[in-house]
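Working notes, beginning with the structure itself.
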Amino acid sequence: MLFSHSKNKTNSYLSDEDVRLMLDFKAGNVASFEVLLKKYFKRILNFIFRYVGIRSVAEDLTQEVFMRVYKSAPNYLPRAKFKTWVYTIARNTSINEVKRNKQKIVSLDEMIECEGEQIPRQVEDKTIDRPDESAIRAETARVVKKAIYALGEKQRMVIILRRYENFSYQEIAKTMKISEKAVKSLLSRGRENLKKALSSFIKNETF
Amino acid sequence: MDCKKIRQMFSDYIDEMLEDKKQETFKGHIASCERCRKDLAEYQVSWKMLDAGEPIEPSPDYVSQFWTELSRKPSGYKVILDWIRNILLPRRMVYKFVLVSATLIAVYISVFNYVDNSKMRTLLINMSDEELEMIENFDLIANLDLFENVNDFGSSNNLEI
Chain S
9 MLFSHSKNKT NSYLSDEDVR LMLDFKAGNV ASFEVLLKKY FKRILNFIFR YVGIRSVAED
69 LTQEVFMRVY KSAPNYLPRA KFKTWVYTIA RNTSINEVKR NKQKIVSLDE MIECEGEQIP
129 RQVEDKTIDR PDESAIRAET ARVVKKAIYA LGEKQRMVII LRRYENFSYQ EIAKTMKISE
189 KAVKSLLSRG RENLKKALSS FIKNETF
Chain A
1155 MDCKKIRQMF SDYIDEMLED KKQETFKGHI ASCERCRKDL AEYQVSWKML DAGEPIEPSP
1215 DYVSQFWTEL SRKPSGYKVI LDWIRNILLP RRMVYKFVLV SATLIAVYIS VFNYVDNSKM
1275 RTLLINMSDE ELEMIENFDL IANLDLFENV NDFGSSNNLE I
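Protein chains in written order, with the numbering used here: chain S, 9 to 215; chain A, 1155 to 1315.
See below:
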């Protein structure tokens, strides 16, 4: 019984369109893989970028994630929704990268994207009566990124999956292989820590 | 309900996961407690702030980059790593457990044998030539003892062997 494979569990995921595409790719249709690649590439790229903080690293890791998806095809068996599976691979890849390069921090000199433009992360302190709105937005983005990066790894992961990927508690639990209760707890603590990290910025800007 | 418990409900409230009854209590407290009201406002603003920063776009040729990268021959150690990952490391937990247990048992037996053989070698090195000869002819000596015992028995009973 321990070694038996549950066919019922596998079949329940066949209703997922992306699972069917992956099985189609497994059968030899490479075009199906490219559909999945185009559908998920940007999402995975942003997920990893928000986690590791450096664009070039995020691009390399995203390629690596899809390499693994591609090479997993011969042994692929749907045991979860495709989205959960690919995000799990992305999560594991990101965590391994962070562990390998623990000294890596968010580069304050890195350019960030704001309203389609590349703006230096370090914004000049201009003494003008009406600060440029894009400069405020850029500074906010910098502060937010720093606050997210200051979170513990699990809290960061949960916040990113909930806020940016709109994962449900159940989906987060499956991706991170933890209970829903643990997801709630991590989310609550993560939000509390974010509030503390951003409170002085909030007070300066709004109160 | 005290402020500490109310603050613990902030996260569920933002996610609209509070049960109806709890939501009533929550809203009632927020309406009457200025401190919690301010805290909740900051909580919501900080959550909203995460919208700052546009998502990044992949490079326009990311698809062709992927196929180029895939066609590149991987370095030696990556091939071995992939082989280990795909073939030797099973997916299901129970198979992983069996593999790890079998590996541990094999290592234990090897180490045990090695230690045993090491002790034997040490013992043999410290033995004299006479003692070594005794060990080599252990079977003969064992039979000799038996032979002598039988002889003693025979002589006491006047039997000839």
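Where is the CB? At the ideal position from N, CA and C, for every residue including glycine. The structure displayed is predicted, hence computed values, not measured ones.
For Ile167 (chain S), the enclosing alpha helix (DSSP H) stretches over residues 161-171.
Under a criterion of Cβ atoms nearer than 7 Å, the residues of chain S adjacent to Ile1210 (chain A) are, in order, Leu53, Asn54, Phe57, Arg63, Glu121.
Counting of Cβ neighbours within 10 angstroms places Trp1201 (chain A) among the buried residues, the total reaching 16 or more.
Taking the C-beta atoms as reference points, Ser1165 (chain A) is found nearer than 9 Å to Arg199 (chain S). In the structure shown, the three-state DSSP call for Ile1263 (chain A) is helix. Between Val73 (chain S) and Ala98 (chain S) a beta carbon distance of about 5 Å is seen, short of the 8 Å cut, so the two are scored as contacting. In the structure shown, Arg51 (chain S) falls within a helical segment according to DSSP collapsed to helix, strand and coil. At the C-beta level, Val77 (chain S) and Val60 (chain S) stay beyond 9 Å of one another. The shortest C-alpha to C-alpha distance from Val166 (chain S) to any of S:Ile180, S:Tyr157, S:Ala155 is the one to S:Ile180. Secondary structure at Leu1204 (chain A): coil, using DSSP grouped into helix, strand and coil. Distance from the CA of Glu188 (chain S) to the CA of Phe209 (chain S), rounded to the nearest whole angstrom, comes to 32 Å.
Between Phe55 (chain S) and Leu194 (chain S), the C-beta spacing is not below 9 Å. Straight through space, the alpha carbons of Leu1194 (chain A) and Phe49 (chain S) are spaced by roughly 36 Å. Of the candidates A:Leu1204, A:Tyr1268, A:Leu1172, A:Leu1204 places its Cα closest to the Cα of Ala155 (chain S). Against chain A, the CB of Phe175 (chain S) has no partner CB under 9 Å away; the residue lies outside that interface.
Listed by position along chain A, the residues whose Cβ is nearer than 7 Å to that of Phe74 (chain S) are Phe1220. According to the DSSP assignment, Lys91 (chain S) belongs to the alpha helix (DSSP H) that extends over 90-108.
For Phe1180 (chain A), the nearest beta carbon of chain S is not closer than 9 Å to its own beta carbon.
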